[in-house]
Amino acid sequence: SLIITDECINCDVCEPECPNEAISQGDEIYEIDPDKCTECVGHYDEPQCQQVCPVDCIPFDENNRESKEQLIFKYEKLTGNT
Ligand code: SF4
Ligand code: SF4
2 SLIITDECIN
12 CDVCEPECPN
22 EAISQGDEIY
32 EIDPDKCTEC
42 VGHYDEPQCQ
52 QVCPVDCIPF
62 DENNRESKEQ
72 LIFKYEKLTG
82 NT
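Its first residue numbered 2, the sequence shown is counted upward by one per residue in the UniProt record's numbering.
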């Protein structure tokens, strides 16, 4: 999944772009639910949140790298599409 770093300025631009509703406002900054983030696999070629963030604070989470197969599986589980 992707992760939002503490450089987030709470601009709210990314939240409506997420096709999986994985982004929400946390206590201090916006957060990504790793169980819902498919890195946009199944929906878009590129992570949509990364595309729109004005301060580039949404990198890939190096502690949670997933294979394409794992991401597709998550997409199918979330949407019921196979
Ligand atoms: Fe949502 Fe895609 Fe960003 Fe993951 S990469 S949080 S699925 S917009
Ligand atoms: Fe934070 Fe970037 Fe999302 Fe704006 S677009 S709320 S700065 S993560």
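Quick reminder that beta carbons are idealized off the backbone N, C-alpha and C, glycines included.
- No residue range can be given for E29, since it is assigned to no alpha helix (DSSP H) and is classified by DSSP as neither H nor E.
- When only Cα atoms are considered, Q52 and E67 end up about 20 angstroms apart.
- C19 has its Cβ nearer than 6 angstroms to a heavy atom of ligand 1.
- Under DSSP, L3 forms a beta bridge with F61.
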